[in-house]
Amino acid sequence: MPKKRKSSHKKKQILVLHGPNLNMLGKREKKIYGKVSLEKINSDLKSLAEELGVELKFKQSNIEGELVNFIHDAAKNKTAGILINPAAYTHTSVAIRDALLAAKLPAVEVHLSNIYQREEFRHKSLTAPACVGQVTGFGKMSYLLGLMALVNRI
Ligand code: DQA
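Heads up, the sequence shown stops at 155 in the working numbering, and the numbers go up one at a time, no gaps.
Here it is in structure tokens:
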């Protein structure tokens, strides 16, 4: 008799990576980012992932090198893709961009706000060229749309 495998083992794993200050969502700059908390975003992503038949692993860090390590770990663990909001590091981090390129995993970059409508220093994303695409400006929906697009890719 072949051993029954838990169905979750067959599911593709996606890393959801949140950058600095996103742990403050719901409390920080509500006019820009809204009232939604990171926990709510994660739980809505989890529900969508169930519908899409994928499994999510959530990580948040305020530390650049830690985000780099999470991306390396994802590559080692045969993660299928990365949904990332690099937050402020979007505009500054050569290290996160290089980690995404090194990992060679399909990644989708998301932003709650429309970074192109805001200060000029936010118009440039160093990380987006290392991603399949970018969803920006739809609040929590950016994450949900990003997940759908990523699952379609993997
Ligand atoms: C952000 C946009 C970034 O410019 C900013 O630094 C953030 C959040 C967004 O989701 O809109 O922290 O990534």
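The beta-carbon is built from N, C-alpha and C at its ideal position, and this holds for glycine as well.
In this text, all values refer to a predicted model and were calculated from it rather than measured experimentally.
#### Entry: C-beta atoms of E110 and I85 nearer than 8 Å
yes
### Query
Quick one: is V95 buried, meaning 16 or more other Cβ sit within 10 Å of its Cβ, or exposed?
exposed
### Message
Can you tell me whether S38 sits near the ligand DQA, meaning its C-beta is under 7 Å from at least one heavy atom of the ligand?
### Response
no
### For D31, the first and last residue of its enclosing alpha helix (DSSP H)
Note that residue 31 corresponds to Lys in the displayed sequence, not to Asp. It spans K31 to Y34 - the alpha helix (DSSP H) in which K31 sits, taken as one unbroken run.
### Query
Taking 7 Å as the cut-off, is the CB of I116 close to at least one heavy atom of the ligand DQA?
yes
#### Entry: Buried or exposed (CB count within 10 angstroms, at least 16 for buried), Q118
exposed
### Task
Return the first residue and the last residue of the alpha helix (DSSP H) that H73 is part of.
DSSP places H73 in the uninterrupted alpha helix (DSSP H) bounded by E65 to K77.
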